[in-house]
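Participant:
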Amino acid sequence: MGILTIVTFLPLLGVIAILALNRGEKESENSIKWIALGASIVTFIVSLIIVGVYDKGVSGLQMVEKADWIPSWGIQYYLGIDGLSILMVLLTAFISMVSIAASWTAITQQVKQYYIFMLLMEIGMMGVFLAQDLFLFYVFWEFTLIPMYFLIGIWGGKERVYASIKFFLYTMAGSLLMLLAILYMGVTNNTFALPDLIAGRAVFADVQNILFLGFAIAFAIKVPIFPFHSWLPDAHTQAPTAGSIVLAGVLLKMGTYGFIRFNLPLFPEAAVHYAQPIAVLAIIGIIYGALVSLPQKDVKKLVAYSSVSHLGFVMLGIFSLNEAGIQGAILQGVNHGLSTGALFFLVGILYEQRHTRLFSEYGGVWKAMPVFSVLSLIVTLSSMGLPGLNGFVGEFTILLGSMGAESLGPNPWIYTAFATTGVILAAVYLLWMFQRVFMGPLDNPKNKALRDINTRELVIMLSFLFFIVWIGVAPSGYFGLMDSSVAELVTNFGTTVVAGQ
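The opening residue of the sequence shown carries number 4 in the working numbering; numbering runs sequentially from there.
(1) Who are the Cβ neighbours of S488 in its own chain at under 7 Å, not counting the five residues just before and after it?
(2) Going by beta-carbon coordinates alone, are Q113 and I157 separated by less than 8 Å?
(3) Answer yes or no: do T174 and K256 have a C-beta to C-beta separation smaller than 8 Å?
(4) For a test of the three-state rule: what should DSSP assign to Q135, helix, strand or coil?
(5) Would you say I78 and F265 are within 8 Å of each other, going by their C-beta atoms?
(6) Do the CB positions of G388 and V426 come within less than 8 Å of each other?
(7) By DSSP's criteria, D71 is part of a beta bridge. Which residues make up the other side?
(8) Which two residues bound the contiguous alpha helix (DSSP H) that contains L15?
(9) In chain order, what residues of the same chain have a beta carbon less than 6 Å from the beta carbon of Q504, not counting five sequence neighbours either side?
(10) Applying the criterion that 16 or more other CB atoms from any shown protein chain within 10 Å of the CB defines a buried residue, is E355 buried or exposed?
(11) Between which two residues does the alpha helix (DSSP H) containing T400 stretch?
(12) Rank V49, L197, V18 by C-alpha distance to the C-alpha of S34 and give the top, closest one.
(13) In the DSSP output, what is Q65 paired with across the bridge?
(14) Leaving out the 5 sequence neighbours to the left and right, which residues in its chain are closer than 6 Å to T95 when beta-carbon positions are compared?
(15) Give a yes or no on contact between the segment 119-139 and the segment 184-193, applying the rule of three or more CB pairs nearer than 8 Å.
(16) Measuring CB to CB, does V10 end up less than 8 Å from V92?
(17) Specify the secondary structure class of D301 as computed by DSSP and reduced to three states.
(18) Less than 8 Å separating the beta-carbons of I289 and S323?
(19) Report the rounded CA-to-CA distance for M406 versus M485, giving the unit in angstroms.
(20) Looking at Q241: is its Cβ nearer than 8 Å to the Cβ of G159?
(21) Just the C-alpha distance for T8 and P448, rounded to the nearest angstrom, thanks.
(22) Helix, strand or coil: which one does DSSP assign to L361?
(23) Helix, strand or coil, according to DSSP, for A196 in the structure here?
(24) Could you give the residue range of the alpha helix (DSSP H) that holds T108?
(25) Counting Cβ pairs closer than 8 Å, one from the segment 104-123 and one from the segment 166-186, do we hit at least three?
(26) Spatial neighbours of A219 within its chain, please: CB distance less than 8 Å, with the 5 preceding and 5 following residues excluded, ordered by chain position.
(27) Where does the unbroken alpha helix (DSSP H) through A429 begin, and where does it stop?
(28) Can you list the alpha helix (DSSP H) stretches of 4 or more residues lying completely in the segment 196-276, in chain order?
(29) Cα-Cα, which of L468, S75, A20, G483 is closest to Q330?
(30) In three-state terms, what does DSSP make of I338?
(31) Using CA atoms only, rank isn't needed, just tell me which of A408, L51, F47, L90 is closest to L122.
(32) Measure the alpha-carbon distance for F316 versus F399 and round it to whole angstroms.
(33) Alpha carbon to alpha carbon, what distance is there between L297 and L380?
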């Protein structure tokens with residue numbers, strides 16, 4: 004058994020251990036939490052070992068694990084890791100670990116089922132980033148829907164059932180088009196292995212525009228790109244705190260990762276063909292997400308709409324179709340997971356004490372919770388893209404990529420100029436949010452009773468801030484992990500497109 008299989012299925016040991024516990028005892032609730040946390044910590048340690056063993060100089064797949072699964076259909080159990088997925092594996096392990104720790108006091112009902120779903124969620128997300136067989140990828144992709152559906156539907160807010168069904172139907176409907184595209188390619192090439200399909204893409208080159216759309220719609224709903232975004236604010240607002248952290252931190256990145264992993268290498272000419280319309284949708288998303296964030300009355304909804312805006316940047320980077328753009332997009336995916344995950348966690352701390360997320364109920368929180376407020380300010384500035392913190396590095400690299408993007412036509416600077424307005428608007432809505440919650444007089448007597456951040460919450464926040472500052476100050480190690488894989492993708496891409504013209 005290889006290390007990638009271990010990192011993918013290790014949480015399953017936690018699930019089995021939780022199922023083996025006796026029911027109904029208070030002690031067993033604590034045991035459940037510790038088992039779930041232990042399983043996620045060990046998974047995170049294994050992901051760090053993978054990063055340590057990973058050879059940055061090799062652009063192809065590493066630590067490959069292959070076994071025949073359904074040989075008559077050419078379907079394999081095929082896992083591999085490269086520069087496009089290594090940061091996503093690390094992010095998945097980290098976000099899963101902190102979201103389980105963040106649930107400690109927030110979840111009081113059906114504790115056993117909750118932690119089982121959280122661990123199953125981690126298995127599905129890991130599999131998505133490591134699977135190199137399209138059939139296996141699709142199984143993991145659809146599997147992630149089930150735990151998240153229950154996490155929102157059972158432990159969510161007042162309209163949780165509506166939000167969970169909407170989330171499930173939207174994502175499921177988009178995925179069916181991708182399934183058709185996967186079946187078509189698998190049948191024409193007699194294999195579902197991604198490297199073999201990329202090598203044999205000439206077989207389906209004449210229909211690549213249609214196949215591209217099959218994948219693109221599934222991924223666009225997941226990201227989500229405007230106008231496929233309407234499930235996201237509902238799902239975020241109704242999900243429990245940890246559900247929102249996982250949703251923002253990892254689930255949305257499955258969409259952006261899908262574009263980089265599948266759409267670009269499998270359908271290079273179609274990617275160039277659709278680059279401008281997708282970039283336009285990305286920029287509409289950047290500006291629309293920011294403008295809709297401004298009038299929100301609910302803190303969590305504001306953070307949810309900000310995701311639409313931030314992920315517009317990631318999509319613009321991907322369809323710049325150059326090294327700077329794609330590297331910036333991968334890193335900004337990680338940055339968004341950290342900054343927005345931390346913001347959702349901060350909102351969760353307030354909600355757990357006050358049971359409201361309305362701006363009108365807050366104000367002057369700095370006076371009651373000074374340590375919490377300082378940490379919140381740093382996270383808000385990182386989400387805004389302040390130099391020295393993680394958001395700036397990703398956004399700057401993406402804007403650099405889009406500025407010189409041949410795929411965006413003769414005047415790519417127009418796209419860059421419009422995207423930059425998103426940075427300005429982000430400063431407006433995030434500082435406005437901070438001012439309404441933390442600044443001003445402490446008038447509301449309920450807010451005077453707020454306790455400051457406790458040790459568990461402080462450890463979680465500092466672990467977020469560790470990566471937020473590290474990426475902001477010294478991002479070269481992160482770029483180094485993906486350099487060779489992205490360079491190979493872009494080179495391979497460029498030669499194919501030139502040959503096809």
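Backbone N, C-alpha and C define an ideal beta-carbon position, used for all residues, glycine too.
Facilitator: Working from what's here:
(1) Against the sequence shown, residue 488 aligns to sequence position 485. Excluding sequence positions up to five before and after S488, its CB lies within less than 7 Å of the CB of S62, D85, G86, L87, all in the same chain and listed in chain order.
(2) Translated into the one-based positions of the sequence shown, residue 113 becomes position 110. Translated into the one-based positions of the sequence shown, residue 157 becomes position 154. For Q113 and I157, yes; Cβs fall inside 8 Å.
(3) Within the sequence shown, the letter at position 171 stands for residue 174. Within the sequence shown, the letter at position 253 stands for residue 256. Between T174 and K256, the C-beta spacing is not below 8 Å.
(4) Within the sequence shown, residue 135 is the residue found at index 132, counting from 1. The answer is coil: DSSP assigns Q135 none of H, G, I, E or B.
(5) Start at 1 with the first residue of the sequence shown, and residue 78 comes out as number 75. Start at 1 with the first residue of the sequence shown, and residue 265 comes out as number 262. Cβ distance not < 8 Å, so I78 and F265 don't count as in contact.
(6) Here residue 388 is taken as the residue at index 385 of the sequence shown, counted from 1. Here residue 426 is taken as the residue at index 423 of the sequence shown, counted from 1. For G388 and V426, yes; Cβs fall inside 8 Å.
(7) Within the sequence shown, residue 71 is the residue found at index 68, counting from 1. DSSP lists Q79 as partners of D71.
(8) The count along the sequence shown starts at 1 and reaches residue 15 at position 12. Per DSSP, L15 belongs to the alpha helix (DSSP H) from 6-23.
(9) Walking along the sequence shown from the start, residue 504 turns up at place 501. At Q504, the pLDDT of 47 sits below 50, so the modelled position is not reliable; the number obtained from the coordinates is stated separately. Excluding residues within five positions, none has a Cβ falling inside 6 Å.
(10) Residue 355 sits at position 352 when you count from the first residue of the sequence shown. Exposed, because fewer than 16 other Cβ atoms sit within 10 Å of the Cβ of E355.
(11) For the purposes of this step, residue 400 is identified with residue 397 of the sequence shown, where counting begins at 1. From DSSP, the alpha helix (DSSP H) with T400 extends over 393-406.
(12) What you label residue 34 is simply residue 31 of the sequence shown in a count that begins at 1. The candidate whose alpha carbon is nearest that of S34 is V18.
(13) Position 62 of the sequence shown, counted from the first residue, corresponds to residue 65. Per DSSP, I84.
(14) Position 92 of the sequence shown, counted from the first residue, corresponds to residue 95. Once the five neighbours on either side are set aside, the close Cβ partners of T95 are M128, M129, V253.
(15) In this structure the segment 119-139 touches the segment 184-193; the number of beta carbon pairs closer than 8 Å is three or more.
(16) Numbered from its first residue, the sequence shown carries residue 10 at position 7. Numbered from its first residue, the sequence shown carries residue 92 at position 89. In this structure, V10 places its C-beta atom within 8 Å of the C-beta atom of V92.
(17) As a first step, residue 301 must be located in the sequence shown, where it is residue number 298. For D301, the three-state secondary structure derived from DSSP is strand.
(18) Here residue 289 refers to the residue found at position 286 when the sequence shown is read from its first residue. Here residue 323 refers to the residue found at position 320 when the sequence shown is read from its first residue. Cβ atoms of I289 and S323: not closer than 8 Å.
(19) Position 403 of the sequence shown, counted from the start, is the residue given in the question as residue 406. Position 482 of the sequence shown, counted from the start, is the residue given in the question as residue 485. When rounded, the distance between both Cα atoms is 21 Å.
(20) In the sequence shown, counting from the first residue as 1, residue 241 sits at position 238. In the sequence shown, counting from the first residue as 1, residue 159 sits at position 156. Yes, the pair counts as a contact, with Cβ atoms nearer than the cut-off.
(21) Residue 8 sits at position 5 when you count from the first residue of the sequence shown. Residue 448 sits at position 445 when you count from the first residue of the sequence shown. Between T8 and P448, the C-alpha separation is close to 53 Å.
(22) Here residue 361 refers to the residue found at position 358 of the sequence shown. Three-state result, L361: strand.
(23) Within the sequence shown, the letter at position 193 stands for residue 196. Note: A196 maps to strand in three-state DSSP.
(24) In the sequence shown, residue 108 corresponds to position 105, counting from 1. It is not in any alpha helix (DSSP H) - T108 carries neither H nor E in the DSSP assignment.
(25) no
(26) As a position in the sequence shown, residue 219 is number 216, starting the count at 1. Closer than 8 Å at Cβ, skipping near neighbours: F262, N266, Y277, I281.
(27) As a first step, residue 429 must be located in the sequence shown, where it is residue number 426. Segment 415-441, the alpha helix (DSSP H) holding A429.
(28) Along the segment 196-276, the alpha helix (DSSP H) occurs as fully enclosed runs of 4 or more residues at 197-202, 211-225, 234-241, 244-249, 255-261, listed in sequence order.
(29) The residue you call residue 330 lines up with position 327 of the sequence shown. Comparing Cα positions, the closest option is G483.
(30) What you label residue 338 is simply residue 335 of the sequence shown in a count that begins at 1. The amino acid at residue 338 is misidentified as Ile; the sequence shows Asn. Here N338 sits in helix by DSSP.
(31) Position 119 of the sequence shown holds residue 122. Answer by Cα proximity: F47.
(32) For the purposes of this step, residue 316 is taken as residue 313 along the sequence shown, with counting starting at 1. For the purposes of this step, residue 399 is taken as residue 396 along the sequence shown, with counting starting at 1. Spanning the two alpha carbons is a distance of roughly 10 Å.
(33) Locating residue 380 in the sequence shown gives position 377, where the first residue counts as 1. Locating residue 297 in the sequence shown gives position 294, where the first residue counts as 1. Roughly 18 Å between the two C-alpha positions.
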